[in-house]
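Chains as they are written, first to last, in the working numbering: chain A, 13 to 113; chain B, 19 to 221; chain C, 14 to 123.
Note that the Cβ used here is the ideal one computed from N, Cα and C, for glycine as well.
Down below is the structure, laid out as structure tokens.
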Amino acid sequence: MIFAVAAAAVIIAMLLALVRAFAGPTLYDRVLAGNSFGTKTVILIGVMGYLTGRPDFLDIAVLYALINFATIIAILKFFRYRTLSVSMDNRDQPVFDEEAR
Amino acid sequence: MENDTVTLAEAATLAIDLSLLTLLFLVAYQMLKSRHLFAVVMLSGIYSLLSALFFVSLDAVDVAFTEAAVGAGISTVLMLAGMLLTARREKPLMPGRAPVAILVVFLVGAALMYATLDMPAFGDATAPANAYVGLQYIERTPNEIAVPNIVTAVLASYRGFDTLGETMVIFTAGVAVMLLLGAGSIKGGRQVKDVSDDGEAQQ
Amino acid sequence: MWDLIRDILSWALILIGSAALVIGAIGLVRFPDFYTRMHAAGVTDTAGAELIVFGLMLQAPSWIVVAKLAFISFFLFLTSPVATHAVAHAAWVVGVRPMLGPDLKREGDD
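If you want it as structure tokens, here you go:
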């Protein structure tokens, strides 16, 4: 019973994070909403595994927790340096994206 | 009490499926409506996440792995890299109506939905997809391959050449995308600059 | 007896974690400025996720599930605050500034 309550709460929280992803004025709001959505997905996969009686789904949750973190850092790095391979000597001058507001 | 908890889990799973489909629909609608390309990229990542959740709910664990890793991870970053080379906003659409197009889409959709009424039930053991070769794989895997996951046995052993071909295709696609996005230059990343006044392209 | 204690404890942890997630998401929608929204989302995401994972750990059917949940909780504990900080730092470097003092406006003000 408690797993159904937890799943409902996580889905409501996902819907609210989606509202922020639709309406965020700056793009960093959208990145924040995407990160938040990813963490809630990890929790929902775990709870769904318990709800259907097969907690072996946790492998996907582990995978997704790793990928979510790497994706958010990659997106932010792209917006700051415009490339994924930053050489160590020009790291102090970020070429950031002025139209990104 | 035992009967109550079983039907509660089933009802909860059904409710979760319906909410996931509703969220998918909302995200897709917003992706079509939005003109700001970065929002579309983030929303496509969220769409892939919701698809992965839906696959978990349908018990397709391997497909959910692939969808989460490829759709929400790599695809989002690659589309972002592509978007950074172009513009930030999409040009507004011309207002116009195409009634014939919408009619054709509705008719084809209705025909497809009518055709699905003839399909066998989900997971039916006597369906043609599950009865001939599928049954052989299920019966012979514990003796011949001895790997607990039958999907892994099919992908890696029974249909191994198919997997080899797919790996080559994905590798070629990855190399092509990296070259298009400018990872081939020595400094890394392509500076998107205009041609200078005397007609020579600057680096 | 141990089953009852375990059930009550895990129910309490999952309920508090879910409440934290929902409250954080409400804050993400309603707060007026990017940095306040980040405060709501970052803190409650990590706390709610950890509490729910601890509650799930108490109800686990076997030790391998406990090990996987422990790994998830350890990883979320380390990387969720780092990701929040990275978003804040990226926004600061670009020039997004918080609403302070006389700039503080809400909808309906004018």
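N- and C-terminal bounds of the alpha helix (DSSP H) containing residue i
i	result
Glu-108/B	Element bounds for Glu-108/B: n/a, residue is neither H nor E.
Arg-42/A	39-63
Pro-67/A	Element bounds for Pro-67/A: n/a, residue is neither H nor E.
Tyr-132/B	117-133
Leu-103/B	Here Leu-103/B belongs to no alpha helix (DSSP H), and DSSP marks it neither H nor E.
Ile-64/B	55-75
Glu-157/B	151-162
Tyr-48/C	47-71
Phe-84/C	76-107
Arg-19/C	15-43
Val-17/A	14-35
Phe-189/B	178-198
Thr-144/B	Thr-144/B -> no alpha helix (DSSP H), and no H or E assigned at all.
Phe-140/B	Segment: none, Phe-140/B is in no alpha helix (DSSP H) and carries neither H nor E.
Ile-168/B	168-171
Ala-82/B	79-84
C-beta contact flag for residue i and residue j at 7 Å
i	j	result
Ala-18/A	Ser-31/C	yes
Ile-84/A	Ala-96/C	yes
Leu-44/A	Met-51/C	yes
Ile-55/A	Gly-91/B	no
Phe-49/A	Ile-64/B	yes
Ile-168/B	Thr-181/B	no
Tyr-62/A	Ala-86/B	no
Leu-98/B	Val-59/B	yes
Phe-83/B	Leu-38/B	no
Ala-25/A	Val-42/C	no
Leu-68/B	Leu-42/B	yes
Ala-70/B	Arg-42/A	no
Met-60/A	Val-74/B	yes
Gly-100/B	Ser-66/B	no
Ala-53/C	Gly-40/C	yes
Thr-44/C	Val-109/C	Per the sequence shown, residue 44/C should be read as Phe rather than Thr. No, they are not a contact pair.
Asn-82/A	Ala-38/C	Reading off the sequence, residue 82/A comes out as Ala, not Asn. No, these two residues do not count as a Cβ contact at 7 Å.
Ala-16/A	Ala-30/B	yes
Ala-33/A	Ile-57/A	no
Arg-107/B	Arg-177/B	no
Val-31/A	Lys-52/A	no
Own chain partners of residue i with C-beta closer than 8 Å, once the 5 adjacent residues on each side are dropped
i	result
Ala-119/B	none
Ala-149/B	Ala-143
Asp-215/B	Note that Asp-215/B has pLDDT 39, beneath the 50 cutoff, so the model's placement of it is unreliable and no number is given.
Leu-96/B	Val-195 and Leu-199
Ser-93/C	Gly-55, Asp-58, Thr-59 and Ala-62
Pro-115/C	none
Neighbour list for residue i in chain C, Cβ cutoff strictly below 8 Å
i	result
Leu-78/A	Phe-88
Contacts of residue i in chain C (Cβ-Cβ under 7 Å)
i	result
Thr-53/A	The contacting residues do not exist; Thr-53/A stays about 11 Å from chain C at best.
Ala-29/A	Ala-38 and Leu-41
Phe-81/A	Thr-92 and Ala-96
Residues near residue i in its chain [Cβ-Cβ closer than 6 Å; skip 5 each side]
i	result
Met-70/C	Val-79 and Leu-82
Ile-27/C	Ile-65 and Gly-68
Ala-62/C	Leu-89
Ala-105/B	none
Gln-221/B	Here Gln-221/B scores only 39 on pLDDT, less than 50, and its place in the model should not be relied on; the value that follows carries that caveat. So no residue of the chain qualifies.
Ser-175/B	Ile-163
Met-49/B	Val-58 and Leu-61
Met-19/B	Caution is warranted here: a pLDDT of 47 is assigned to Met-19/B, below 50, making its placement in the model unreliable, and the coordinate value is therefore given only provisionally. Counting only Cβ-Cβ distances below 6 Å, and skipping sequence neighbours, we find nothing.
Same chain, Cβ closer than 7 Å to residue i, five either side skipped, listed in chain order
i	result
Ala-112/A	Note that Ala-112/A scores 49 on pLDDT, short of 50, meaning its location in the model is unreliable and no value can be drawn from it.
Gly-217/B	Caution is warranted here: a pLDDT of 42 is assigned to Gly-217/B, below 50, making its placement in the model unreliable, and the coordinate value is therefore given only provisionally. Correct list: empty, nothing qualifies.
Ile-156/B	Ile-168
Amino acids of chain B, ordered along the chain, whose beta-carbon sits closer than 7 Å to that of residue i
i	result
Phe-69/A	Val-74 and Val-79
Ala-19/A	Ala-30 and Ile-34
Gly-58/A	Neighbours of Gly-58/A on chain B: none; closest Cβ ~10 Å, over 7 Å.
Neighbour list for residue i in chain A, Cβ cutoff strictly below 9 Å
i	result
Val-45/B	Leu-30, Ala-33 and Phe-34
Ala-73/C	Tyr-62 and Pro-67
Chain A contact residues for residue i, given Cβ-Cβ distances below 7 Å
i	result
Ile-27/C	Ile-14 and Ala-18
Phe-67/C	Those do not exist, as Phe-67/C stays about 11 Å from chain A at its closest Cβ, beyond 7 Å.
Arg-110/C	Ordered by position in chain A, no residue passes the 7 Å Cβ test against Arg-110/C, which lies about 11 Å from the chain.
Trp-24/C	Ile-14
Ser-37/B	Ile-23
Val-78/C	Pro-67 and Leu-70
Where residue i meets chain B, residues with beta-carbon distance less than 8 Å
i	result
Gly-46/A	Met-60, Gly-63 and Ile-64
Val-43/A	Met-60
Contact list for residue i against chain C, beta-carbon separation under 9 Å
i	result
Ala-86/A	In chain order: nothing, as chain C lies at least about 11 Å away.
CB contact check: residue i to chain E, cutoff 7 Å
i	result
Tyr-93/A	The displayed structure is made up of protein chains A, B and C, and chain E is not among them.
Going along the chain, which residues of the stretch 78-97 of chain B sit with their C-beta nearer than 8 Å to a C-beta in chain A? Taking 8 Å as the Cβ-Cβ cut-off, the stretch 78-97 of chain B approaches chain A at Val-79, Ala-82, Phe-83, Ala-86, Ala-87, Ala-90, Gly-91, Thr-94 and Val-95, given in chain order.
So if I threshold CB-CB distances at 7 Å, which residues from the stretch 83-107 of chain C count as touching chain A? Cβ contacts with chain A: Phe-84, Ile-85, Phe-88, Leu-89, Thr-92, Ser-93, Ala-96, Ala-99, Val-100, Ala-103, Ala-104, Val-106 and Val-107.
Determine which residues of the stretch 185-198 of chain B have a Cβ less than 7 Å from any Cβ of chain A, and write them out in chain order. Against chain A - using a Cβ distance shorter than 7 Å - the stretch 185-198 of chain B contributes no residues.
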